[in-house]
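Chains as they are written, first to last, in the working numbering: chain A, 13 to 510; chain B, 13 to 510; chain C, 13 to 510; chain D, 13 to 510.
Think of the CB as a built atom: it goes at the ideal place given N, C-alpha and C, for glycine as much as any other residue.
Protein chains: 4
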Amino acid sequence: MAKTITVNGDERVAFHNNVDFCIGTGRMGLALTEEYLKELSFVQDIIGFKHIRGHGLFTDDMAIYQRRKDWRTGKETIEYNFTYLDRVMDAYLARKIVPFLELGFMPRALASGDNAIFYWRGNTTPPKEYEEWTRLVTTTLAHLVKRYGEQVYSWPIEVWNEPNLPGFWKDASMPEYFKLFKLTFLAIKELDPRFRVGGPAICGVRDAEWMKAFFDFCKEEGIKPDFATRHHYTTEMPDHVGHYGYQKLSDPQVGFDNLQSSRDIIDSYPEFKGMEMHLTEFNTSYIPNNPLHDTNENAAYLAYQLERLGETSYSYSYWTFGDVFEEMGVPFSLFHGGFGLVAHGCIPKPTFWTFAFYKRLQDATEACVYKGKNAVIVRKPDGGYRGVFWNMTDEATEISVKLAADAKEYTVLRETVDEVTCNPRKAWHDMGEPKNPSAEQVELIRRFAYPFAESEIAKRSRGKIALTVPVRAQGVVYIDVTEREFEGDRGFTYERRF
Amino acid sequence: MAKTITVNGDERVAFHNNVDFCIGTGRMGLALTEEYLKELSFVQDIIGFKHIRGHGLFTDDMAIYQRRKDWRTGKETIEYNFTYLDRVMDAYLARKIVPFLELGFMPRALASGDNAIFYWRGNTTPPKEYEEWTRLVTTTLAHLVKRYGEQVYSWPIEVWNEPNLPGFWKDASMPEYFKLFKLTFLAIKELDPRFRVGGPAICGVRDAEWMKAFFDFCKEEGIKPDFATRHHYTTEMPDHVGHYGYQKLSDPQVGFDNLQSSRDIIDSYPEFKGMEMHLTEFNTSYIPNNPLHDTNENAAYLAYQLERLGETSYSYSYWTFGDVFEEMGVPFSLFHGGFGLVAHGCIPKPTFWTFAFYKRLQDATEACVYKGKNAVIVRKPDGGYRGVFWNMTDEATEISVKLAADAKEYTVLRETVDEVTCNPRKAWHDMGEPKNPSAEQVELIRRFAYPFAESEIAKRSRGKIALTVPVRAQGVVYIDVTEREFEGDRGFTYERRF
Amino acid sequence: MAKTITVNGDERVAFHNNVDFCIGTGRMGLALTEEYLKELSFVQDIIGFKHIRGHGLFTDDMAIYQRRKDWRTGKETIEYNFTYLDRVMDAYLARKIVPFLELGFMPRALASGDNAIFYWRGNTTPPKEYEEWTRLVTTTLAHLVKRYGEQVYSWPIEVWNEPNLPGFWKDASMPEYFKLFKLTFLAIKELDPRFRVGGPAICGVRDAEWMKAFFDFCKEEGIKPDFATRHHYTTEMPDHVGHYGYQKLSDPQVGFDNLQSSRDIIDSYPEFKGMEMHLTEFNTSYIPNNPLHDTNENAAYLAYQLERLGETSYSYSYWTFGDVFEEMGVPFSLFHGGFGLVAHGCIPKPTFWTFAFYKRLQDATEACVYKGKNAVIVRKPDGGYRGVFWNMTDEATEISVKLAADAKEYTVLRETVDEVTCNPRKAWHDMGEPKNPSAEQVELIRRFAYPFAESEIAKRSRGKIALTVPVRAQGVVYIDVTEREFEGDRGFTYERRF
Amino acid sequence: MAKTITVNGDERVAFHNNVDFCIGTGRMGLALTEEYLKELSFVQDIIGFKHIRGHGLFTDDMAIYQRRKDWRTGKETIEYNFTYLDRVMDAYLARKIVPFLELGFMPRALASGDNAIFYWRGNTTPPKEYEEWTRLVTTTLAHLVKRYGEQVYSWPIEVWNEPNLPGFWKDASMPEYFKLFKLTFLAIKELDPRFRVGGPAICGVRDAEWMKAFFDFCKEEGIKPDFATRHHYTTEMPDHVGHYGYQKLSDPQVGFDNLQSSRDIIDSYPEFKGMEMHLTEFNTSYIPNNPLHDTNENAAYLAYQLERLGETSYSYSYWTFGDVFEEMGVPFSLFHGGFGLVAHGCIPKPTFWTFAFYKRLQDATEACVYKGKNAVIVRKPDGGYRGVFWNMTDEATEISVKLAADAKEYTVLRETVDEVTCNPRKAWHDMGEPKNPSAEQVELIRRFAYPFAESEIAKRSRGKIALTVPVRAQGVVYIDVTEREFEGDRGFTYERRF
């Protein structure tokens, strides 16, 4: 682990920090609920993502696709009901976030079979009539353009989700998915070529095979997707106990190599070289009941992910922003290992802060001056610095940092997220693990969920300031270094005692 | 310093904890301002006082007493304008606080001279016509009863402020004050005997002499005040530098003895024995520009005051709740040594938390089980405990506490306010002492102004639980001990790692 | 129609005005959604009901009853998940409303068959194991008591809904319902006799037969329900067109007579005589797609209902407070004939104001001085009056009112809800009937949804004041009459022109 | 009065509608108060002005200029305290409004004499040292630039207020004012030439003489002000009774002619031709106790003013936005004839709506299609129309309007402000003229303070739609005409009855 970092200030290290491009969410219908929207507001107020992507746009609880038989004539009418879609989109826009649309799953009335997934039974079969499907897609998109205007053309559209798994797509049939992709892509582009459409939305199972086949198909058909998509999870197989699954974290490099291999496949086609690759889902564990998600360990691991993912991928959407989620049923308890950056009651988990810290680096991402295995540092336009430090081990450490300094004095602000200072799960455990804490208990637990803040004055010596950054086990530390302008009042001496 | 405390749980120690009875404020006219009301809302939301007492009810900016000459006839009209009074009282009541009325100072149009005090020139001379004065008082009280109903009879009324100082009362004339008291007292009681009226509102200068003379006078005149009032400050003479005055804290016991002497004087009259004594002002320093007010040292010293003041006094009103204050002019900078529990921008100072912690003891004040020179502990109705610990020295210490336990396991929540964990003044200093920080800077400083929270599980052994309470230099620590009911979910093991 | 009303002031007419006892709602799971809770907040802020009753406590979206098979052992576990129940109850209590619990419908995992109702498929079959059912009920109630304390004992509990209809209860089987009632009643009373349990929750189909059989059964079994319940709807058969059903209002007296017959049946048993009868649902139309619900006609008809229902019934719960409702699917458009007092976007419908006006009468309900076919008037403790006037015809009218007066002058405030002054449906229609209006459009429509306010001064003459109350077609008018105290400022003359 | 208006739709009439450029306010120190800021928030939320201009930047309650004698050395220090200035500016910016700075009045410590104005005694004498004055001005401006950045250069700066009145400027001395202007102008431009500085800030007394002399002086001295300023009031001499002054409105044309004469004077100098002329104050009456301000008569008169003022003047700042004002003392009662667009408690007066209506015209001001003595109409980019109609007489009227129409159907929204529909002063009078109404009373009065809204559908016939706009006595009516797109749901027929 690098224990000493020296920065001359004019280094420029490549750093694609697209931390806020997109965030994941469960089924779209859940966006009608109050708890979901409270959690989303919380996340948007402090971090602020641009796009949100989740399943279930066409699942029955959104009630878009309606077939009704007239009780007198017996004639069937097909109707589109956008009441809930409009409500969800209004709620998103009011929170300054817009969708990364995933087209799926299949309305029961349009499904060709019973294959379904999750506690909420999303139908994952191909449409029984493809023309009806493309009409559903284009009618929905046209409605969105009518209501929300031209901005809709910039909302990315992904065709289906993880068709390489039989749970998500009947028989994980490649030809059927490619057919779906082609017909959907062409129908949308015919509606308006400005829409941006991509795929194949796969996860890590047989990913190279799928990625290659997908682009072969596109090449053959003369289709040029606007972007490629895949998912990225980094844990081993779970050990299931009761409602929970426990998994070990995998070696991060294995994951980065896997992403590079996807990148290489795409770039091997002259037609597609350099195409944006979006990780439309990523996280450590891929199950919504792994206690890991709620830990400081997860936060430290993610700090490293956020530093590296931009090397291969245009964007990477953490799965998910909040704990309102029903894929394996309704959670029984507060900290239940859900995917969320925040727990119910808007309690930020440690990983929330990893994202918040990287977001703050964005005002100077292009001026990255250091990027290593446990730290990234950028130089602010005002000559100061921002940095994120992390420690994926179980031992505390200290990192010595020397930073080129133009001014005599700097204010150093440091925020620490680790098991000692920011671990709401521990407070909740000490309180007896209340399943659904009262409002008062939630308020209490929230007090354990914010970084610990410290400040100091750093004075320049030989052109540099020297800092010591302590990073405890599984810790993430953020620093801000800003020139100190002194405004002291007449007669005031801070150091004078009483 | 007591390093070990053992509690059997059925001790009952006398502890008159009236921490929330009353809080001080500057000139009433300032209650029209937004910053004042924001700070008051903040204080009320977290602590919640019952009464508020300050100067300037009849000072000209409140505009109550109006003499207007008709420009045609030259005839003078006396009118009462309650627009601002109503606005202030409405604002108080909306924040669930009611006044402890101080009658003063003199409207210029009713003043007998030019003697005035403060930057805002409060006139401190006797009325030129006593009948006009009592009419002003009774008209105002009658108006309040009409607008706010019978509750007004329970608002304590104090006649004038510190008449034993020539700045506050021309020549510090005893006979003139006693005349004022008598006429005012009688006029109010004639309006309605339910009103509660007290005095002599003195500070520590020649206090015994004044207290004795006042009650001699009352006895002679057959007047029975509803309560006695005095002030209590505990610092030495200031060293003035620039805008500031620096003072040393005095020995607390000297102050407690001084209060006891007042108590004894009152109790020496059979007619007045046991009469409530209200400290209508108290603080460490009596000047609004002593940096001490903003420190952790002040917070620790106050912890001891709050434990002891109830021994002699029915109530004790900290001077003041917030930093909106103009007695020595408008403050030039954020932390300027003002009296407030909160600084501008609703930044709680360390002493704020001393009050908040004592407020939390109130649900079990009658079940005090320990009261010593650096700790007070009460037993909650549910069998748990609450305690406040403090350290008035410059050395860190640890206090061992053994508490009788009915249950097997307890959750211990600990909140620490000291120079390391809750010292907004330091963060502000490190930031360069910005005079009027921007909203963003205020938000940042506020992050350094809250107690650090920790939790742990305490298990019973031999009928007791054993805690170690670390109290750093000038620190104040609050603990809550509550039986731990375990609700753990099926399959969840907090300790299991990944 | 009474065109002249004369009040001597000391009349006392029986008037049981329990307008705010209970309000209806759709499926409980909808209470998780933001729109539902916004509408409920709106209703509670202005009207403020005490109880709320709806279906679906045990329906699967509430996720309370869980059977899970262990994937290793194959062993089935029964678990109770109260995450959503707690969230809903917390949301209710935060809005100062508590449930009138309806026990139903059947969790699929506990159902004996497939009989189901509504778009959301509530299972309406008896439990496959009655012991499992009563354990579900008592576990849920015990959980509520643990979380919310003793108040839960005062929440009325109704066993099932409309078992006299085969859609709601398989085969509308009386013996099966009586069995359900008995076992449920006994299990709850065993848990704690303080719980209050009632039935038979029937609607108007074969109501006399059911009511009689139910009480015969109770008598025989020695069971004494805490109250009786039934429903009350007052429209003819619908004419269905597209998504809508159009119905004519029935003669109110027919409905009142029907309720009286239920009352008489109950009172015919010495054991049950005088038992509270709760109308746990009532409205004009019983379908959620009748445009009538959104009209002024409905508001005027309801004004008469609210005056009369208390004659036979202890309470009467309007079905429903808001338009978040899915029994016939998700509404396609804003004004879709839903049951709600408010439409989506918190637009109050005319009928909302009928309830608001009756609520204001409650501070003087016991001093009712007039009760007739188009007006009810009460005398306030301060000597003034409040009244509600309505006009169920299509012709405008004026009502002359003479009121005994103690004071010389009164301020008369009048609020009018009719097709001219408070008809949001018309504004929406004029705007083109937008299906899901934007936030700006909603704000605009809301401006057409509040009563028109007027004021005047009434002067006493010969011991009375004389008012003229104009009531246009299908209008509802509220008046408040209060003694006018004049505070005029020196020199101000309202009448003087410029 | 024009009773028929026909619009072909492609007319383009000159209409300089700068209604939202600036709004007046009392003394700057009042901007510290809560009521002031609430009223300002209310005004900004609904209307939204860009600039705010008032007196008292340098008056002592703002506490900027401080001379302090050291109690030891006797040496005097000059200090600048920006605590309150920063607080006021922060509050303005938070409400999206920035100052139109008026430099004045004189800090007592810098004043050359005792000449003072208003209840709050603003000192109106020249500085005793001009260099001290310019240092005060430039230090203040430099501070603002440091805190708020480059936007400050765009805040207009006016030198002093109404120097042509002896109350506002000692002896109304021209040479002394010209000296003040020159030195101030030059000092500011030396600090940064980007600042925009103007004068002579006169009212209507000897205005032509002053305006001419001022520009003669500027020409002679080679000074080019950035803009000219004057005031504009349109009532006759007051009749004083008690606290009030009653005045008649003057003929509007007399005022417009007076403004034209100022315009002509400026334009007569080749150097200054076309220079912006700002009316930095205007209103009907110039006294803060004329009941006229609170009436519908004022609203109708203002509608005509707002249509015409742009013909001569770049901007026109209504004096004032709210009723927090102390020039003649603290108001005794709610409707006291104050200048405000809103009364205390954020009750909008009728004139408030005149401004709100003109603000809505701004999205199409450049497409004015009609401008007459009682109406102005603009065509919206979407092909619809907006219009304001008014009636300054005591007789009701109706205006027939024919508008060229591209579409078949239009939605017409109409909002009416007149004595019948929007007259809060009447409601308050009927309620007994409560001096300081309770929160409940204020809420009630507010219900009488909003325009009455109506809607209808207009169908095209022969290329036009025909509207009838009823305008009652002293009424102001706003209309919006928008193409009606019909979205009707299947089966819904608005007209069908029950």
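- A contact between stretches requires three or more CB pairs, one per stretch, nearer than 8 Å, and the stretch 204-214 of chain A meets this requirement with the stretch 238-245 of chain A.
- Only those residues of the stretch 439-467 of chain D whose C-beta falls short of 9 Å from the nearest C-beta of chain B are listed: K447, N448, S450, A451.
- DSSP places N270 (chain B) in the helix class (H, G or I) of the three-state scheme.
- In the DSSP assignment, W402 (chain C) falls within the beta strand (DSSP E) that extends over 397-402.
- Distance from the CA atom of W172 (chain B) to the CA atom of F401 (chain D), rounded to whole angstroms, is 59 Å.
- Only exposed fits M249 (chain C), as fewer than 16 other CB atoms lie within 10 angstroms of its CB.
- Close to E47 (chain C), with beta-carbon spacing below 8 Å, are these residues of chain A in chain order: L44, R99.
- Within chain A, no C-beta atom comes nearer than 8 Å to that of T405 (chain B); the closest sits roughly 13 Å away.
- Contiguous alpha helix (DSSP H) elements confined to the stretch 337-384 of chain D occur at 362-373, taking only those with 4 or more residues.
- One thing to note: R398 (chain A) has its Cβ no nearer than 7 Å to the Cβ of L415 (chain A).
- Note on geometry: alpha-carbon atoms of K15 (chain C) and R484 (chain C) lie some 13 Å from one another.
- In terms of Cα proximity to P303 (chain A), the closest of B:T480, B:F510, B:R39, B:D82 is B:F510.
- Only residues of its own chain outside the window of five on either side were considered, and among them E421, Y422, T423, I469 have a CB closer than 7 Å to the CB of R496 (chain D), listed in chain order.
- In the DSSP assignment, M289 (chain B) falls within the unbroken beta strand (DSSP E) covering 289-295.
- At a cut-off of 7 Å between beta carbons, Y256 (chain C) makes no contact with chain A.
- Chain order gives the chain B residues near V342 (chain D) as A75, N93, T95, Y96, where near means a beta carbon separation below 8 Å.
- When 8 Å is used as the limit between beta carbons, D279 (chain D) is near no residue of chain C, the shortest such separation being about 34 Å.
- Listed as beta-bridge partners of G286 (chain C) by DSSP are no residues whatsoever.
- DSSP lists A:L425 as the bridge partner or partners of S467 (chain A).
- In the displayed model, E162 (chain B) falls within a helix according to three-state DSSP.
- Going by C-alpha positions, N308 (chain A) is about 7 Å away from G487 (chain A).
- Here A106 (chain A) is exposed: its Cβ has fewer than 16 other Cβ atoms, across all protein chains shown, within 10 Å.
- Beyond the five residues adjoining it in sequence on each side, D72 (chain C) comes within less than 7 Å, by CB distance, of P119, R120 in the same chain, given in chain order.
- Cβ neighbours of Y316 (chain D) within its own chain (closer than 8 Å, five residues either side excluded): P264, K385, N386, W402, M404.
- Around K50 (chain B), the same chain offers C358 as residues with beta carbons nearer than 8 Å, after the five sequence neighbours per side are excluded.
- Taken through DSSP and simplified to helix, strand or coil, C34 (chain D) comes out as strand.
- Looking at the DSSP output, P436 (chain B) shares a beta bridge with no other residue.
- Taking all protein chains shown into account, G475 (chain B) has fewer than 16 neighbouring C-beta atoms within 10 Å of its C-beta and is therefore exposed.
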